[in-house]
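Everything below concerns the one structure shown next.
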Amino acid sequence: MIFSNNMEYDDAAIQPIMGAFYATPSYHEPSFNYFREEEIFNLTHLLNPLTEAEEIRVLKDNNLEVIRNSPEFITNKDPNRPTNRICTSLLSRERLAFMLRYSIAYVETENGMQKHIMRYPQLFATKAIARKLDEGIRKGIIWHTQGSGKTALTYYNVKFLTDYYQRNNVIPKFYFIVDRLDLLQQAQSEFASRGLVVHTINSRDEFTKDIKATKVIHNNSGKPEITVINIQKFADDPTIVSTNDYSVDIQRVYFLDEVHRSYNPKGSFLANLDVSDRNAIKIGLTGTPLLGTDYNSRSLFGDYIHKYYYNASIADGYTLRLIREDIQTNYKIALQEALAQAEIKQGDVDKKIIYAHPTFVEPMLDYIVQDFENSRGACNDSTIGGMVICDSSEQAKQMFEIFNAKYKKDNDAIKTDTSYTEHLKEKSKVKSAALILHDVGDKQERKDWIDAFKAGKIDFLFVYNMLLTGFDAPRLKKLYIGRVIREHNLLQALTRVNRTYKGFRYGYVVDFADIRKEFDATNKAYFEELQAELGDEMESYSHLFKSKEEIDQEINLLKDLLFRFDTENMENFSEQIQQIADRKQVLELKKSLADAKSLYNLMRLQGDYEQLRALDFEKINIMFRETSNHLDMLNLKESIESGEDTTNLLNLALEDVIFKFKKIAEEELVLADQLKDTLRKTREALASNFDQQDEKFISLKEELERLFKKKKLSEVTQQEMVANIGTLQQIHERIKELNRANKQLSDKYKGDIKFTRVHKRLHEQGDISKSERQIYEALIGLKQDADERVLDSENVLDNEAYFARVMMPNIIKRFKNEQNIALNPTTTRYINQLVVNEYLKEFNGGSGQW
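Positions in the sequence shown are counted from 1; adding 44 to them yields the working numbering.
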């Protein structure tokens with residue numbers, strides 16, 4: 045599916061609302077994908093010129109003959125307009141065939157089957173692989189940033205390369221190589237969920253047997269298959285696996301994951317891989333730059349085949365920017381005191397033991413839990429998860445033990461007699477955690493814990509070395525780093541929280557006080573290496589973190605905007621907001637408060653004066669809600685009082701009004717949801733009506749206006765809510781019936797709403813003809829006359845008087861001569877004016893319908 049409003053992309057937008065997007069059908073909300081063409085088309089060769097006859101046929105089929113000579117239509121025929129560009133990119137014969145055959149994946153998830161579509165960087169990476177193979181190049185690297193879907197890219201290429209080689213009667217055999225057991229398990233799960241049969245290899249002996257084997261698949265069903273190899277246990281085995289009896293009809297294709305690490309040219313695995321099949325294809329995958337002085341990864345794996353950088357991924361909405369948070373000053377002091385006490389108790393011993401001592405671990409955990417619960421409240425989302433990267437496995441075990449003693453709770457149902465506020469606070473509390481270490485639990489238990497976290501059944505993960513790479517859980521939005529992480533592993537760990545999730549704008553990384561200098565030094569050294577490796581391409585990773593200057597600018601803007609408001613008393617704030625009539629001013633404040641919700645912890649740390657320090661997330665949420673409510677009311681009032689067409693009113697999305705009640709009970713929440721749902725249905729029914737001059741429609745519109753003018757919907761009582769629901773349901777049923785009748789009549793005119801409206805106006809008059817059939821017979825002939833006139837004469841609609849004059853004889857012919865309908869000068873002019881107005885309206889402003 046392609047969706048477009050024919051606008052250029054707004055890369056700063058949080059939601060994809062401007063531009064041309066593609067998606068697959070979904071039972072739920074579709075996921076819109078950007079498409080940025082990377083190839084240069086020869087449009088002269090690719091696009092056939094549109095003949096005049098074909099253009100007229102299309103316009104006639106859509107009842108849009110009138111727009112043919114409008115400047116908007118002429119402009120939008122340009123192949124470089126956004127809608128035309130994406131149509132060329134996705135619907136040209138070769139591309140459409142590629143998309144239909146290779147770009148769809150059905151993925152089995154915790155929440156059922158999902159339908160995925162190939163992202164555009166995956167498409168161009170696949171085509172780049174094919175080009176390299178056509179050139180005889182047998183190795184190379186795909187550099188796609190973390191979170192952009194490299195495992196999915198491998199899956200798509202199993203399908204694509206199978207066909208690529210089979211055209212030459214060669215059967216490919218696919219391998220996916222990882223260097224850790226947990227990555228093998230994750231890759232196995234990802235491939236299996238997409239329908240591939242997965243064969244695994246965990247030892248050198250298994251690898252030897254597989255290399256010597258000439259069969260391509262191990263399953264009996266003939267389904268596509270991939271072999272996942274974990275080299276961790278045998279990468280340094282000195283024995284070289286070699287074979288000279290491989291079949292020339294088999295093409296081995298190795299996808300090597302995370303090639304920026306672990307592949308030492310002096311070790312035996314690369315030699316094994318090279319000797320095993322000199323003809324093999326080797327495609328390296330990495331999400332980070334290939335740094336290091338010991339050896340050059342590109343000399344091992346070849347040059348880059350395709351690149352997709354972090355900034356592009358952020359602009360395309362596939363990954364988030366990161367916010368690094370320091371910890372509170374009072375906690376720094378408490379942590380230093382706890383560290384000193386632990387050192388006194390332990391004496392002069394390894395720091396690892398001190399950092400794992402309960403005296404140190406408990407206050408650290410207390411801070412983490414409190415901070416995370418505050419973050420859930422600030423974000424107004426209790427579904428996000430957190431992960432703590434501990435200083436050692438001993439510290440992780442100690443932290444997990446203390447967590448279970450202090451915070452673990454059964455996830456029992458919330459008591460029905462609690463207030464809604466208490467209900468929200470209880471949902472934000474951390475109640476469960478899992479410890480993910482290589483020596484805790486068995487393989488299946490660790491998998492179950494990780495799956496439970498991904499599904500939202502576990503709040504926290506405590507880890508040391510595991511899950512720092514290759515772990516994909518979109519709900520993981522806060523990472524607590526308790527130790528220095530160097531070089532590649534740093535970026536790998538940071539990007540665990542960069543996956544998109546709901547409406548989140550950032551992922552959050554909490555940096556503890558005693559590692560900040562080392563963290564900064566590591567970060568600085570890493571990016572200096574990155575600069576040396578990339579040169580001008582360094583800019584493509586410049587937006588990983590939101591800069592301090594950007595954050596300071598946003599916080600200072602909020603301070604300035606809030607300066608004159610009472611931020612202590614929310615009732616006073618609400619009254620102050622309601623007195624502002626300038627919509628632009630309220631909109632600016634709402635945007636800044638939305639940023640404040642995202643930057644709450646940083647704002648709390650950097651507050652310069654008492655007023656800002658007193659702000660907590662509950663007040664920010666209340667101010668945001670009150671500002672949003674007032675903006676909704678200003679929009680609504682402007683539309684109603686301006687007397688403009690109701691379309692403006694409908695476009696305000698009435699069902700998005702936020703309901704506020706002094707006392708909230710469960711039954712009121714149910715009613716509020718019911719009222720919003722009824723509003724949505726009514727809005728959709730009103731929006732689909734194409735005749736808003738109809739007296740019946742005007743009557744319904746006035747009823748709706750009275751309902752809104754009477755009292756703000758956000759302040760109604762329970763009894764008033766019930767009455768409003770009943771009124772809205774009646775309006776909804778009546779507009780549905782009106783729309784049904786309109787549709788039935790428009791079908792007679794082959795969907796032409798211009799003549800449907802003219803028919804209704806003439807029938808409402810009552811004195812032109814009692815027979816609707818006669819009116820229809822006259823108008824359907826008149827439609828043919830008018831359409832032919834606007835198609836034949838390029839400028840006929842530029843002169844209203846001329847168009848009216850040439851239409852007059854046709855009206856007399858169709859009504860009086862053919863249908864024997866008595867006409868007088870007034871009636872004739874009235875019919876003529878109705879028809880002329882409809883054509884001019886469509887010509888001057890109605891082209892938005894197409």
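Glycine included, C-beta positions come from ideal geometry on N, C-alpha and C. Quick caveat, the model's predicted, so the values are computed rather than measured.
Assigned secondary structure, residue i (DSSP; H/G/I helix, E/B strand, else coil)
| i | result |
| --- | --- |
| residue 72 | coil |
| residue 50 | coil |
| residue 243 | strand |
| residue 448 | helix |
| residue 295 | strand |
| residue 864 | coil |
| residue 522 | strand |
| residue 252 | helix |
| residue 895 | Given that the chain is displayed from residue 45 to residue 894, the structure contains no residue 895 and the question cannot be resolved. |
| residue 551 | strand |
| residue 679 | helix |
| residue 269 | strand |
| residue 420 | helix |
| residue 480 | strand |
| residue 499 | coil |
| residue 640 | helix |
| residue 511 | coil |
| residue 778 | helix |
| residue 733 | coil |
| residue 772 | helix |
Residues near residue i in its chain [Cβ-Cβ closer than 8 angstroms; skip 5 each side]
| i | result |
| --- | --- |
| residue 157 | 150, 151 |
| residue 675 | 627, 630, 631, 634 |
| residue 877 | 848 |
| residue 641 | 422, 423, 424, 661, 664, 665, 668 |
| residue 134 | 46, 66, 79, 140, 143 |
Own chain partners of residue i with C-beta closer than 7 angstroms, once the 5 adjacent residues on each side are dropped
| i | result |
| --- | --- |
| residue 206 | 216, 268 |
| residue 49 | 62 |
| residue 166 | 193, 196, 197, 200 |
| residue 406 | 446 |
| residue 408 | 379 |
| residue 855 | 826, 872, 875, 876 |
| residue 748 | 775 |
| residue 881 | none |
Residue i - containing alpha helix (DSSP H), residue span
| i | result |
| --- | --- |
| residue 218 | Careful: residue 218 lies outside any alpha helix (DSSP H), inside the beta strand (DSSP E) at 215–222. |
| residue 429 | No alpha helix (DSSP H) holds residue 429; the beta strand (DSSP E) holding it covers 429–433. |
| residue 453 | Here residue 453 belongs to no alpha helix (DSSP H), and DSSP marks it neither H nor E. |
| residue 88 | 87–90 |
| residue 97 | 96–105 |
| residue 258 | Note, residue 258: premise wrong, no alpha helix (DSSP H); not H, not E. |
| residue 121 | It is not in any alpha helix (DSSP H) - residue 121 carries neither H nor E in the DSSP assignment. |
| residue 399 | 395–399 |
| residue 614 | 614–622 |
Closer than 7 angstroms: residue i CB and nearest the ligand ADP heavy atom
| i | result |
| --- | --- |
| residue 814 | Absence of the ligand ADP from the depicted structure is noted, as is the absence of any ligand whatsoever, leaving it without description. |
Close beta carbons around residue i, own chain, < 6 angstroms, minus the five adjacent residues each side
| i | result |
| --- | --- |
| residue 160 | 149, 151 |
| residue 187 | 330, 348, 351 |
| residue 495 | none |
| residue 112 | 103 |
| residue 888 | none |
Extent of the continuous beta strand (DSSP E) to which residue i belongs
| i | result |
| --- | --- |
| residue 369 | 365–369 |
| residue 328 | 325–330 |
| residue 474 | Per DSSP, residue 474 belongs to no beta strand (DSSP E) and is neither H nor E. |
| residue 227 | Per DSSP, residue 227 belongs to no beta strand (DSSP E); it is in the alpha helix (DSSP H), 225–237. |
| residue 505 | 504–507 |
| residue 66 | 64–66 |
C-beta neighbour in chain B for residue i, strict 8 angstroms
| i | result |
| --- | --- |
| residue 131 | The structure shown contains no chain B; it is built from a single protein chain. |
request  = Note down, one range per segment and in chain order, each beta strand (DSSP E) of at least 3 residues found wholly within the region 133–206.
outcome  = Annotation: the region 133–206 contains the following complete segments of the beta strand (DSSP E) (minimum length 3 residues), in chain order: 148–153, 156–161, 183–188.
request  = Can you check the region 828–891 for any alpha helix (DSSP H) of at least 4 residues that lies completely inside it and give the ranges in chain order?
outcome  = List check, alpha helix (DSSP H) in window: 844–855, 869–888.
query = Enumerated in chain order, which unbroken segments of the alpha helix (DSSP H) with a length of 4 residues or greater are wholly contained in the region 790–825?
reply = If we require 4 residues or more, the alpha helix (DSSP H) runs fully inside the region 790–825 come out as 797–809.
query = Is there contact here, the region 484–493 with the region 397–412, by at least three beta-carbon pairs under 8 angstroms?
reply = As far as the Cβ criterion goes, the region 484–493 does not touch the region 397–412, which means the pair count is below three.
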